[in-house]
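Residue numbers (my numbering), protein chains in the order written: chain A, 10 to 280; chain B, 10 to 280.
For each residue, glycine too, the CB sits at the ideal point set by N, CA and C.
Heads up, the thing below is written out as structure tokens.
Below, the structure written as structure tokens:
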């Protein structure tokens, strides 16, 4: 397996460069990437330090791959002379978009965020507050404010899914755990009745659930394979009987689960 | 203000396309973008539907901007014929990277994630569990497992920052609220003493804190301007007296705060 150092250079947080770099590099499955992010590179001094780092890696072995989202043309030019494969992620696209719009792009360094931010921050904070105060079946009296209510057995992935929905998409996501008695019938729990149209079920392969629960509480009845199998099938029966849309969390990342949920539940992001 | 419909088309979650689109479009500050994400477009049938949607928007007014991270060359080719400005985000870069590495890229549709996922999922889940069980000063007995402990007054942004650190970077981030008595001296609270090297302070402009707290609990002593001012300056004195690195959360997004914290505290991502 080849190992390559991958630099993500940005005049802002570096998140765009990182997301992009991961997407592209993971297409080459035999390459192991060693990621180094250099955020807030917003002047020539800081950039010089980064160029030196890149050159040093190159001298010690293979030249690094560099993903850049630098805005300033002079800085991009300087970076392109570093001893690496430098890929300017905005090169060309900004110009094409500018032509389409008949506008000039703003080249102020690090200037992606503006006055809109305080609003965005508040939407996310409110969503997050909602999700935390309605985690794991708490605060069902607040359900009328929910954008979505995620339902499922313990350890199916409800909390991370809901937190991702609120952090990333600004949605008020509550989650409701299905437990013992409720799972004995296919009846929807009382608290969920008024919100049928906002329910979304998460399910999982019982073998995977068994692994997760064993890690949490080894050799308990809670984590027994029988219990996991019984709960998962009972939950699935309940979802089916009540026409609740579901998705499977077994081998998927939180990003994949939430993107599926957004599409299936026809939700729009608020961020 | 011009409004344009922006499609993000992906054979996977669409997050790369979305992040990228936001970065580029926000460079044109007079444009209001109406984002439409179309994830999991992994066959020609689904793609046809998207092409029809694009063409329909074009017929009704201005042609849309389309950001695509499609992997399959035939599908990219089909999309490029839609009536929009179609920007293929991987175009060229994958080839350049392939040449550098001396390898062919995998073109399997939607194939960014593989066997590594279960491990990634577990790292994130563990980090998230840690963050939730140590939120707001809980579970200080678990601090020896923390990667970072975020310290600050109530409503400064500790919880969202910590959740973002665990969700996005896989870090075990605890947060500790500074309250009444502790703020009367510049002494570090007892529980934090053994972890001096892992502390990070969040601070905020008192006027902004006042706004946030007023929303939470209007016209209380907790949310009075005097209280906000007093707490913020006491916290800042404590950070200074104990050489705790800090950052200001006033006008910055969670992404910006965490990226700064990662750099200042010299942390490496675990995801």
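At least one beta carbon of chain A lies nearer than 9 Å to the beta carbon of residue 34 of chain B. The residues 234 and 237, in chain order, have a CB closer than 6 Å to that of residue 219 of chain B in the same chain once the five nearest residues on each side in sequence are set aside. A straight-line Cα-Cα distance of about 12 Å links residue 141 of chain B and residue 180 of chain B.
Non-local beta-carbon contacts of residue 91 of chain B in its own chain, meaning distances under 7 Å to residues more than five positions away in sequence, involve 60, 63, 64 and 75 in chain order. Taking 9 Å as the cut-off, the Cβ atoms of residue 29 of chain B and residue 28 of chain A count as close. Listed by position along chain A, the residues whose Cβ is nearer than 7 Å to that of residue 23 of chain B are 268.
When DSSP reads this structure, residue 17 of chain B sits in a beta bridge with B:46 and B:76. In this structure, residue 170 of chain B lies near residue 211 of chain B, with their beta-carbon atoms less than 9 Å apart.
Counted as a single uninterrupted DSSP element, the alpha helix (DSSP H) harbouring residue 244 of chain A occupies residues 234 to 250. Put simply, the CB of residue 11 of chain A is near chain B, with a gap under 9 Å to one of its CB atoms. Residue range 208 to 212 is occupied by the beta strand (DSSP E) that includes residue 211 of chain B. Look at the segment 59 to 112 of chain B and you find these whole runs of alpha helix (DSSP H), each 4 residues long or longer: 82 to 89 and 102 to 110.
If the five residues before and after residue 42 of chain B are omitted, its C-beta is found closer than 7 Å to the C-beta atoms of 13, 15 and 34, all from its own chain and listed in chain order. In terms of beta-carbon proximity, residue 37 of chain A lines the interface with chain B, with at least one pair separated by less than 9 Å.
At a cut-off of 9 Å between beta carbons, residue 203 of chain A makes no contact with chain B.
Comparing alpha-carbon positions, the option among A:135, A:40 and A:23 lying closest to residue 32 of chain B turns out to be A:23. At a beta-carbon threshold of 8 Å, the residues of chain B lying near residue 173 of chain A are 176, ordered along the chain. Your pair residue 115 of chain A and residue 38 of chain B checks out as a contact, with CB atoms roughly 6 Å apart and the cut at 8 Å.
Taken through DSSP and simplified to helix, strand or coil, residue 33 of chain B comes out as helix.
When the Cα atoms are used, residue 247 of chain B and residue 225 of chain A turn out to be separated by approximately 38 Å.
With a cutoff of 9 Å on beta-carbon distance, residue 194 of chain A and residue 215 of chain A are scored as not near each other.
With respect to chain B, the C-beta atom of residue 107 of chain A has a partner C-beta closer than 9 Å. One finds 106, 109 and 110 in chain B with Cβ atoms closer than 9 Å to the Cβ of residue 74 of chain A, taken in chain order. C-alpha of residue 256 of chain B to C-alpha of residue 17 of chain A: approximately 22 Å in a straight line.
Residue 270 of chain B: member of the alpha helix (DSSP H) spanning 263 to 273, first to last residue. In the three-state DSSP reduction, residue 136 of chain B falls in the helix class (H, G or I). Counted as a single uninterrupted DSSP element, the beta strand (DSSP E) harbouring residue 187 of chain B occupies residues 182 to 187. The beta carbon of residue 155 of chain B does not come within 9 Å of any beta carbon belonging to chain A, so the residue lies off that interface. Using a CB distance below 9 Å, the part of the segment 46 to 72 of chain A facing chain B consists of 46, 47, 48, 49 and 72, ordered along the chain.
If you draw a 10 Å sphere on the C-beta of residue 182 of chain B, you find 16 or more other C-beta atoms in it, and that means buried. Here residue 213 of chain B has 165, 258 and 259 as same chain residues with Cβ atoms under 6 Å from its own Cβ, once five neighbours each way along the sequence are excluded. Beta-bridge annotation (DSSP): residue 40 of chain A is paired with A:11. If you compare the alpha carbons of A:82, A:208, A:264 and A:104 with that of residue 161 of chain A, the shortest gap goes to A:208. Judged by DSSP secondary structure, residue 253 of chain B falls outside any alpha helix (DSSP H); it is assigned neither H nor E. For residue 159 of chain A, the enclosing beta strand (DSSP E) covers residues 157 to 162.
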